[in-house]
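K.L.:
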Amino acid sequence: MIRRWLGIALASLLLTAACGGATPQGKSYTADDVPLAALMYLWFGFDLQTGESIGGLGSSHWNTPGDHSAHRRGITDEPEYGFYASDDPGVIAQQLADMEAAGISVLLVSYWGDGDSNLDGRNENKESKAIVRAAKVLFNYISDNSAPFKIAFLVEPYMPLPLEVTLAQKQSILDFLWDDFYNEYSDLMFQWEGKPLLVTWDPLELKTPNDPRFTVKTWGSYFGGLDWKTKSNQDWNWYPEPAWLPHMISDDGMYVVFPRFDEYWLHIMGRDFDYPYRRVDPLLTEGVYEQTWQVAVDNRNDIKLIVLYAWNEHKEHASIEPDKGVSPVSYGRSLLEKTAAYYREFLAGQPIAVYDDLWSQPVELTSQEHMYYYIPQ
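For reference, each letter of the sequence shown is one residue, going 1445 to 1821 in my numbering.
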(Lines of atoms letter the chains of each structure in order from A and count residues from 1; the text may use other names and numbers.)
(Lines give C-alpha, C1' and ligand atoms only; values in the text may rest on other atoms or scores of the structure.)
Protein backbone atom coordinates (compact mmCIF):
# COMPACT_ATOMS: atom_id res chain seq x y z
CA MET A 1 0.00 0.00 0.00
CA ILE A 2 2.88 2.39 0.76
CA ARG A 3 4.23 1.82 -2.76
CA ARG A 4 0.83 2.73 -4.18
CA TRP A 5 0.79 5.96 -2.17
CA LEU A 6 4.26 6.87 -3.39
CA GLY A 7 3.35 6.07 -6.97
CA ILE A 8 0.29 8.28 -6.92
CA ALA A 9 2.19 11.11 -5.24
CA LEU A 10 5.00 10.89 -7.82
CA ALA A 11 2.54 10.90 -10.71
CA SER A 12 0.87 14.01 -9.33
CA LEU A 13 4.20 15.79 -8.88
CA LEU A 14 5.25 14.98 -12.42
CA LEU A 15 1.95 16.30 -13.72
CA THR A 16 2.14 19.56 -11.80
CA ALA A 17 5.84 20.09 -12.45
CA ALA A 18 5.18 20.14 -16.18
CA CYS A 19 3.13 23.32 -15.74
CA GLY A 20 6.13 25.47 -14.82
CA GLY A 21 6.01 28.74 -12.89
CA ALA A 22 7.66 32.03 -12.14
CA THR A 23 11.02 32.56 -10.50
CA PRO A 24 10.87 31.60 -6.80
CA GLN A 25 10.58 34.53 -4.39
CA GLY A 26 12.71 34.17 -1.27
CA LYS A 27 13.52 30.99 0.60
CA SER A 28 11.98 27.70 -0.48
CA TYR A 29 10.07 25.91 2.25
CA THR A 30 9.53 22.23 2.91
CA ALA A 31 6.37 20.52 4.09
CA ASP A 32 7.97 20.32 7.54
CA ASP A 33 8.35 24.11 7.59
CA VAL A 34 4.71 24.78 6.67
CA PRO A 35 2.54 21.63 6.75
CA LEU A 36 -0.70 21.34 4.81
CA ALA A 37 -3.54 20.12 7.02
CA ALA A 38 -7.07 19.20 5.95
CA LEU A 39 -10.35 18.86 7.78
CA MET A 40 -11.55 15.29 7.57
CA TYR A 41 -15.07 14.16 8.46
CA LEU A 42 -15.73 10.57 9.58
CA TRP A 43 -19.52 10.75 9.78
CA PHE A 44 -20.39 9.04 6.50
CA GLY A 45 -22.27 5.84 5.81
CA PHE A 46 -23.80 4.82 9.14
CA ASP A 47 -27.27 3.71 10.16
CA LEU A 48 -28.45 6.42 12.56
CA GLN A 49 -30.50 3.99 14.64
CA THR A 50 -27.89 1.27 15.12
CA GLY A 51 -24.55 2.87 14.25
CA GLU A 52 -23.92 0.02 11.81
CA SER A 53 -21.76 0.74 8.77
CA ILE A 54 -24.03 0.40 5.77
CA GLY A 55 -22.85 2.97 3.23
CA GLY A 56 -24.97 3.96 0.30
CA LEU A 57 -27.22 6.88 -0.54
CA GLY A 58 -29.49 7.67 2.40
CA SER A 59 -27.04 6.55 5.08
CA SER A 60 -25.63 9.19 7.42
CA HIS A 61 -24.59 12.41 5.63
CA TRP A 62 -25.31 10.96 2.20
CA ASN A 63 -28.60 12.87 1.86
CA THR A 64 -30.10 11.17 4.89
CA PRO A 65 -33.92 11.19 4.86
CA GLY A 66 -35.98 12.09 7.91
CA ASP A 67 -37.35 15.12 9.71
CA HIS A 68 -34.20 15.66 11.78
CA SER A 69 -31.58 15.05 9.09
CA ALA A 70 -31.69 18.16 6.89
CA HIS A 71 -28.13 18.95 8.03
CA ARG A 72 -27.06 15.55 6.66
CA ARG A 73 -28.03 16.39 3.09
CA GLY A 74 -26.76 18.71 0.33
CA ILE A 75 -24.95 16.05 -1.76
CA THR A 76 -24.97 16.74 -5.52
CA ASP A 77 -22.49 14.17 -6.78
CA GLU A 78 -21.14 10.76 -5.85
CA PRO A 79 -17.56 10.50 -4.53
CA GLU A 80 -15.11 8.55 -6.62
CA TYR A 81 -15.02 5.93 -3.85
CA GLY A 82 -18.82 5.64 -3.87
CA PHE A 83 -21.15 6.51 -0.99
CA TYR A 84 -18.72 5.01 1.48
CA ALA A 85 -18.76 4.25 5.18
CA SER A 86 -16.01 6.15 6.99
CA ASP A 87 -14.74 3.10 8.87
CA ASP A 88 -14.06 1.10 5.69
CA PRO A 89 -10.29 0.37 5.64
CA GLY A 90 -10.30 0.09 1.85
CA VAL A 91 -11.75 3.58 1.51
CA ILE A 92 -9.31 4.93 4.11
CA ALA A 93 -6.44 3.52 2.05
CA GLN A 94 -7.69 5.35 -1.05
CA GLN A 95 -8.26 8.57 0.87
CA LEU A 96 -4.78 8.56 2.37
CA ALA A 97 -3.20 7.83 -1.00
CA ASP A 98 -5.00 10.76 -2.57
CA MET A 99 -4.29 13.07 0.35
CA GLU A 100 -0.59 12.31 0.20
CA ALA A 101 -0.62 13.01 -3.53
CA ALA A 102 -2.15 16.42 -2.76
CA GLY A 103 0.61 17.22 -0.26
CA ILE A 104 -1.57 16.85 2.84
CA SER A 105 0.36 15.59 5.85
CA VAL A 106 -1.87 16.59 8.79
CA LEU A 107 -5.45 15.44 9.35
CA LEU A 108 -7.72 17.63 11.46
CA VAL A 109 -10.42 15.10 12.35
CA SER A 110 -13.89 16.34 13.26
CA TYR A 111 -15.01 14.91 16.62
CA TRP A 112 -18.63 14.71 17.78
CA GLY A 113 -18.30 13.12 21.19
CA ASP A 114 -18.06 9.59 22.53
CA GLY A 115 -21.80 9.01 22.28
CA ASP A 116 -22.77 11.03 25.35
CA SER A 117 -24.20 14.03 23.51
CA ASN A 118 -26.01 15.42 26.57
CA LEU A 119 -23.00 14.88 28.86
CA ASP A 120 -25.28 13.06 31.27
CA GLY A 121 -23.13 9.95 31.60
CA ARG A 122 -25.12 7.83 29.13
CA ASN A 123 -23.63 6.98 25.74
CA GLU A 124 -26.78 6.89 23.63
CA ASN A 125 -25.79 8.57 20.37
CA LYS A 126 -25.08 5.74 17.94
CA GLU A 127 -23.80 8.07 15.22
CA SER A 128 -21.19 9.67 17.49
CA LYS A 129 -20.02 6.25 18.65
CA ALA A 130 -19.69 5.18 15.02
CA ILE A 131 -17.53 8.25 14.31
CA VAL A 132 -15.24 7.28 17.20
CA ARG A 133 -15.06 3.76 15.78
CA ALA A 134 -14.10 5.19 12.39
CA ALA A 135 -11.42 7.32 14.04
CA LYS A 136 -9.95 4.19 15.63
CA VAL A 137 -9.85 2.47 12.24
CA LEU A 138 -8.15 5.52 10.73
CA PHE A 139 -5.55 5.79 13.51
CA ASN A 140 -4.80 2.07 13.43
CA TYR A 141 -4.47 2.06 9.66
CA ILE A 142 -2.01 4.95 9.70
CA SER A 143 -0.04 3.34 12.52
CA ASP A 144 0.01 -0.17 11.03
CA ASN A 145 1.08 1.07 7.59
CA SER A 146 3.50 3.79 8.76
CA ALA A 147 1.57 6.25 6.62
CA PRO A 148 3.12 9.75 6.60
CA PHE A 149 0.39 11.61 8.50
CA LYS A 150 -0.04 13.37 11.82
CA ILE A 151 -3.46 13.91 13.37
CA ALA A 152 -5.27 16.37 15.62
CA PHE A 153 -8.91 16.58 16.65
CA LEU A 154 -11.38 19.38 16.02
CA VAL A 155 -13.93 19.09 18.83
CA GLU A 156 -17.28 20.30 17.51
CA PRO A 157 -19.95 21.93 19.74
CA TYR A 158 -21.99 18.73 19.65
CA MET A 159 -23.77 19.19 22.97
CA PRO A 160 -27.15 21.01 23.09
CA LEU A 161 -25.84 24.01 25.11
CA PRO A 162 -22.10 24.34 24.46
CA LEU A 163 -21.87 27.61 26.40
CA GLU A 164 -23.16 25.91 29.53
CA VAL A 165 -20.71 23.00 29.64
CA THR A 166 -19.20 22.79 33.12
CA LEU A 167 -15.50 22.54 33.89
CA ALA A 168 -16.01 18.94 35.00
CA GLN A 169 -17.73 18.08 31.72
CA LYS A 170 -14.98 19.77 29.73
CA GLN A 171 -12.40 17.78 31.64
CA SER A 172 -14.26 14.56 30.85
CA ILE A 173 -14.06 15.39 27.12
CA LEU A 174 -10.33 16.05 27.37
CA ASP A 175 -9.74 12.91 29.43
CA PHE A 176 -11.57 10.69 26.93
CA LEU A 177 -9.59 12.07 23.99
CA TRP A 178 -6.34 11.75 25.90
CA ASP A 179 -6.94 8.19 27.07
CA ASP A 180 -8.36 6.83 23.82
CA PHE A 181 -6.26 8.74 21.27
CA TYR A 182 -3.65 11.29 22.31
CA ASN A 183 -1.87 9.03 24.78
CA GLU A 184 -2.48 5.72 22.99
CA TYR A 185 -1.31 7.10 19.63
CA SER A 186 1.15 9.71 20.90
CA ASP A 187 3.51 9.21 17.96
CA LEU A 188 0.72 10.12 15.50
CA MET A 189 -0.44 13.35 17.14
CA PHE A 190 0.42 16.66 15.49
CA GLN A 191 2.54 18.93 17.67
CA TRP A 192 1.84 22.67 17.82
CA GLU A 193 3.63 25.05 20.15
CA GLY A 194 5.37 22.14 21.84
CA LYS A 195 2.32 20.00 22.65
CA PRO A 196 -0.23 17.88 20.78
CA LEU A 197 -2.82 20.12 19.15
CA LEU A 198 -6.50 20.07 20.03
CA VAL A 199 -8.89 22.49 18.31
CA THR A 200 -12.42 23.41 19.37
CA TRP A 201 -15.09 25.04 17.24
CA ASP A 202 -16.71 28.14 18.68
CA PRO A 203 -18.82 28.51 20.81
CA LEU A 204 -17.33 25.49 22.57
CA GLU A 205 -13.96 26.20 24.12
CA LEU A 206 -11.71 23.88 26.09
CA LYS A 207 -8.96 26.31 27.09
CA THR A 208 -10.37 26.08 30.56
CA PRO A 209 -9.73 23.93 32.61
CA ASN A 210 -6.22 24.75 31.27
CA ASP A 211 -5.16 21.15 30.72
CA PRO A 212 -1.34 21.15 30.38
CA ARG A 213 -1.33 18.07 28.13
CA PHE A 214 -2.64 19.95 25.07
CA THR A 215 -2.16 23.05 22.99
CA VAL A 216 -5.80 24.15 22.68
CA LYS A 217 -6.97 26.53 19.95
CA THR A 218 -10.49 27.91 19.56
CA TRP A 219 -11.63 28.24 15.95
CA GLY A 220 -14.76 29.75 14.48
CA SER A 221 -16.41 31.76 11.76
CA TYR A 222 -16.80 35.25 13.15
CA PHE A 223 -19.36 37.46 11.43
CA GLY A 224 -18.24 40.76 12.94
CA GLY A 225 -16.00 41.83 10.10
CA LEU A 226 -12.29 42.35 9.77
CA ASP A 227 -11.86 43.28 13.44
CA TRP A 228 -12.46 39.70 14.62
CA LYS A 229 -9.15 39.51 16.47
CA THR A 230 -10.17 42.30 18.85
CA LYS A 231 -13.84 41.38 19.21
CA SER A 232 -13.70 37.62 19.68
CA ASN A 233 -11.81 35.19 21.86
CA GLN A 234 -10.94 32.99 18.91
CA ASP A 235 -7.37 31.97 18.12
CA TRP A 236 -8.25 30.89 14.58
CA ASN A 237 -10.88 32.41 12.35
CA TRP A 238 -12.31 31.75 8.93
CA TYR A 239 -15.12 33.40 7.06
CA PRO A 240 -15.80 32.42 3.43
CA GLU A 241 -15.50 35.86 1.88
CA PRO A 242 -12.52 36.38 -0.47
CA ALA A 243 -12.11 40.07 0.43
CA TRP A 244 -11.26 39.08 3.99
CA LEU A 245 -8.55 36.57 3.10
CA PRO A 246 -5.48 38.72 3.86
CA HIS A 247 -6.88 39.37 7.34
CA MET A 248 -7.44 35.72 8.19
CA ILE A 249 -3.86 34.81 9.12
CA SER A 250 -3.89 34.04 12.83
CA ASP A 251 -1.32 35.32 15.29
CA ASP A 252 0.30 31.87 15.42
CA GLY A 253 0.52 31.61 11.62
CA MET A 254 -2.49 29.44 10.77
CA TYR A 255 -4.26 30.23 7.49
CA VAL A 256 -7.23 28.61 5.70
CA VAL A 257 -7.52 27.78 2.00
CA PHE A 258 -10.79 26.57 0.47
CA PRO A 259 -11.97 25.76 -3.08
CA ARG A 260 -15.51 27.09 -2.63
CA PHE A 261 -18.30 27.22 -0.08
CA ASP A 262 -21.97 26.68 -0.92
CA GLU A 263 -24.86 26.17 1.48
CA TYR A 264 -27.47 26.46 -1.27
CA TRP A 265 -28.01 22.73 -1.67
CA LEU A 266 -28.41 22.23 2.06
CA HIS A 267 -31.08 24.93 1.87
CA ILE A 268 -32.77 23.33 -1.16
CA MET A 269 -32.86 19.96 0.62
CA GLY A 270 -34.55 21.29 3.72
CA ARG A 271 -32.06 22.85 6.12
CA ASP A 272 -33.16 26.11 7.75
CA PHE A 273 -30.51 28.76 8.35
CA ASP A 274 -30.80 31.63 10.84
CA TYR A 275 -28.74 33.73 8.43
CA PRO A 276 -28.73 34.07 4.62
CA TYR A 277 -27.18 30.90 3.22
CA ARG A 278 -23.74 31.57 1.74
CA ARG A 279 -22.47 30.89 -1.78
CA VAL A 280 -18.82 31.45 -2.68
CA ASP A 281 -17.76 30.40 -6.19
CA PRO A 282 -20.46 27.69 -6.43
CA LEU A 283 -19.56 26.73 -10.01
CA LEU A 284 -15.78 26.99 -9.58
CA THR A 285 -15.66 29.72 -12.22
CA GLU A 286 -14.49 32.70 -10.14
CA GLY A 287 -11.01 31.54 -9.14
CA VAL A 288 -11.56 31.72 -5.39
CA TYR A 289 -9.27 28.75 -4.74
CA GLU A 290 -6.51 30.49 -6.66
CA GLN A 291 -7.12 33.65 -4.63
CA THR A 292 -6.83 31.83 -1.32
CA TRP A 293 -3.51 30.29 -2.35
CA GLN A 294 -2.15 33.53 -3.80
CA VAL A 295 -2.79 35.28 -0.48
CA ALA A 296 -0.78 32.48 1.14
CA VAL A 297 2.11 33.08 -1.26
CA ASP A 298 1.97 36.84 -0.74
CA ASN A 299 2.12 36.38 3.04
CA ARG A 300 4.22 33.23 3.20
CA ASN A 301 6.64 34.59 5.81
CA ASP A 302 3.74 34.91 8.27
CA ILE A 303 2.24 31.46 7.65
CA LYS A 304 3.26 28.40 9.67
CA LEU A 305 0.32 26.06 8.98
CA ILE A 306 -2.12 25.90 6.07
CA VAL A 307 -5.49 24.29 6.78
CA LEU A 308 -7.63 23.14 3.87
CA TYR A 309 -11.35 23.48 4.39
CA ALA A 310 -11.95 20.71 3.59
CA TRP A 311 -11.03 17.23 2.46
CA ASN A 312 -14.58 15.85 2.41
CA GLU A 313 -17.14 18.46 3.48
CA HIS A 314 -19.38 17.49 0.58
CA LYS A 315 -22.58 19.06 1.94
CA GLU A 316 -21.06 22.56 1.93
CA HIS A 317 -19.34 21.84 -1.38
CA ALA A 318 -15.99 22.70 0.17
CA SER A 319 -14.38 19.33 -0.53
CA ILE A 320 -11.49 18.32 -2.77
CA GLU A 321 -12.06 14.57 -2.30
CA PRO A 322 -12.46 13.24 -5.86
CA ASP A 323 -15.98 12.81 -7.17
CA LYS A 324 -17.32 11.02 -10.23
CA GLY A 325 -17.85 14.21 -12.23
CA VAL A 326 -21.53 13.64 -12.97
CA SER A 327 -23.19 16.96 -12.13
CA PRO A 328 -22.36 20.46 -13.40
CA VAL A 329 -21.02 21.42 -9.96
CA SER A 330 -18.67 18.42 -9.77
CA TYR A 331 -14.92 18.54 -10.25
CA GLY A 332 -13.59 14.99 -10.69
CA ARG A 333 -9.96 14.87 -9.55
CA SER A 334 -9.18 18.45 -10.61
CA LEU A 335 -9.20 20.00 -7.14
CA LEU A 336 -6.89 17.28 -5.86
CA GLU A 337 -4.43 18.03 -8.66
CA LYS A 338 -4.74 21.79 -8.22
CA THR A 339 -4.07 21.46 -4.49
CA ALA A 340 -0.84 19.58 -5.17
CA ALA A 341 0.22 22.23 -7.68
CA TYR A 342 -0.66 25.23 -5.53
CA TYR A 343 0.98 23.84 -2.40
CA ARG A 344 4.12 23.13 -4.39
CA GLU A 345 4.11 26.71 -5.66
CA PHE A 346 3.58 28.07 -2.15
CA LEU A 347 6.57 26.12 -0.85
CA ALA A 348 8.70 27.40 -3.73
CA GLY A 349 7.49 30.99 -3.35
CA GLN A 350 6.05 31.09 -6.85
CA PRO A 351 2.88 32.96 -7.85
CA ILE A 352 -0.19 30.77 -8.25
CA ALA A 353 -0.94 29.87 -11.85
CA VAL A 354 -4.28 28.64 -13.16
CA TYR A 355 -3.90 25.09 -14.43
CA ASP A 356 -6.59 24.98 -17.08
CA ASP A 357 -5.28 21.68 -18.39
CA LEU A 358 -6.01 20.04 -15.04
CA TRP A 359 -9.72 20.76 -14.97
CA SER A 360 -12.76 21.52 -17.07
CA GLN A 361 -14.92 24.60 -16.59
CA PRO A 362 -18.33 23.61 -15.18
CA VAL A 363 -21.39 24.27 -17.28
CA GLU A 364 -23.12 27.57 -16.50
CA LEU A 365 -26.58 26.95 -15.06
CA THR A 366 -29.70 28.88 -15.99
CA SER A 367 -32.09 27.43 -13.43
CA GLN A 368 -32.25 25.00 -10.56
CA GLU A 369 -34.07 22.46 -12.74
CA HIS A 370 -30.91 21.86 -14.75
CA MET A 371 -28.97 20.86 -11.66
CA TYR A 372 -28.51 17.17 -11.00
CA TYR A 373 -28.47 16.00 -7.42
CA TYR A 374 -29.12 12.85 -5.46
CA ILE A 375 -32.35 12.08 -3.64
CA PRO A 376 -32.53 8.83 -1.65
CA GLN A 377 -35.38 6.56 -2.64
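Beta carbons are placed, not taken as given, at the ideal position from N, Cα and C, and that holds for glycine. Since this is a predicted model, take the numbers as computed values, not measurements.
#1: Quick check on the DSSP output: the beta strand (DSSP E) that includes G1776 runs from which residue to which?
#2: Quick check on the DSSP output: the alpha helix (DSSP H) that includes L1492 runs from which residue to which?
#3: Note down, in chain order, each residue of its chain lying with its Cβ closer than 6 Å to the Cβ of G1499, except the 5 sequence neighbours on either side.
#4: Got a sec: does the ligand HEM put a non-hydrogen atom nearer than 7 Å to the Cβ of N1743?
#5: In the stretch 1704 to 1733, which residue ranges form an unbroken alpha helix (DSSP H) of at least 4 residues, counting only runs that do not cross its ends?
#6: So what does DSSP say about G1470, is it helix, strand or coil?
#7: Can you have a look at R1566 and say buried or exposed, based on whether 16 or more other CB atoms are within 10 angstroms of its CB?
#8: Smallest Cα separation from E1608: which of N1562, E1637, Y1585, D1623?
#9: Using the Cα positions of G1669 and T1474, report the straight-line distance between them to the nearest angstrom.
#10: Alpha carbon to alpha carbon, how far is W1709 from Q1812? Give it in angstroms, no decimals.
#11: What does a CB cutoff of less than 8 Å around Q1615 pick up in its chain, not counting 5 residues either side in sequence?
#12: For K1594, write down the residues that DSSP places opposite it in a beta bridge.
#13: Quick check: the Cα distance between R1777 and I1693, rounded to an integer number of angstroms?
#14: Restricting to Cα atoms, I'd like to know which of I1575, F1634, E1649, D1588 is closest to P1606.
#15: Rounded to whole angstroms, what is the Cα-Cα separation between V1741 and L1641?
#16: Considering only DSSP beta bridges, list what V1599 is partnered with.
#17: For G1557, collect the residues of the same chain with a Cβ closer than 6 Å to its Cβ; drop the 5 residues on either side in sequence, then sort them by chain order.
#18: Opposite P1523 in the DSSP bridges: which residues?
#19: Quickly, what does DSSP pair M1633 with across the bridge? List them, please.
P.N.:
According to the structure data:
#1: It is not in any beta strand (DSSP E) - G1776 carries neither H nor E in the DSSP assignment.
#2: Taken as a continuous stretch (DSSP letters only), L1492 belongs to no alpha helix (DSSP H), as it is neither H nor E.
#3: G1489, F1527, Y1528, A1529
#4: Looking at this structure, you won't find the ligand HEM or any other ligand, since it has none at all.
#5: 1708 to 1712
#6: coil
#7: exposed
#8: N1562
#9: For G1669, the predicted structure reports a pLDDT of 49, less than 50, and the residue's modelled location is therefore unreliable. The matter cannot be settled from this model.
#10: Caution applies to Q1812, whose pLDDT of 39 falls short of 50 and renders its modelled position unreliable; the model cannot decide the point.
#11: P1653, D1655
#12: V1550
#13: 28 Å
#14: E1649
#15: 25 Å
#16: Y1555, T1644
#17: S1572, Y1602
#18: D1767
#19: I1595
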